[in-house]
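Under our numbering, the first residue of the sequence shown is numbered 1300, with each subsequent residue one higher.
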Amino acid sequence: MNSLPSSAAAFIASLKLGIWILCIPAWLFGIVERGATAIADHFLSIADVIQILIAAFFLVCWLLLKPDLKPKKHRSVTEQ
């Protein structure tokens, strides 16, 4: 069922990995920016802490969603 040529599949896998890598600094910037904003007024509110924790949670989730470099081979029901 995999109708993509290997070069197109490799390009898509590379594109997915590139987007994934590009977003890691974005999440880190978001966490640092929220942290800097939270401590800028010398008062840490619960809303600031929640925003930082949510951004950190999303970063961890993003790290766990790392795409595979190799395209997966699909097996049909008869091959199992």
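Backbone N, C-alpha and C define an ideal beta-carbon position, used for all residues, glycine too. Model, not experiment: these values are computed from the prediction.
Residue 1340 in three-state terms, based on DSSP: Translated into positions along the sequence shown, residue 1340 becomes position 41. Three-state result, residue 1340: coil.
For residue 1347, three-class secondary structure by DSSP: Counted from its first residue, the sequence shown places residue 1347 at position 48. In the three-state reduction of the DSSP assignment, residue 1347 falls in the helix class.
Residue 1351 burial status per 10 Å Cβ neighbour count (16 or more: buried): If you number the sequence shown from 1, residue 1351 lands on position 52. Buried, because 16 or more other Cβ atoms sit within 10 Å of the Cβ of residue 1351.
The segment 1306–1323 / the segment 1339–1355 touching (three or more Cβ pairs under 8 Å): Flag = no, the segment 1306–1323 and the segment 1339–1355 do not touch.
Supposed contact pair residue 1358 and residue 1330 - C-beta distance, whole angstroms, cut 8 Å: Residue numbering aside, residue 1330 sits at position 31 when the sequence shown is read from its first letter. Residue numbering aside, residue 1358 sits at position 59 when the sequence shown is read from its first letter. With a Cβ gap of about 6 Å, residue 1330 and residue 1358 count as contacting.
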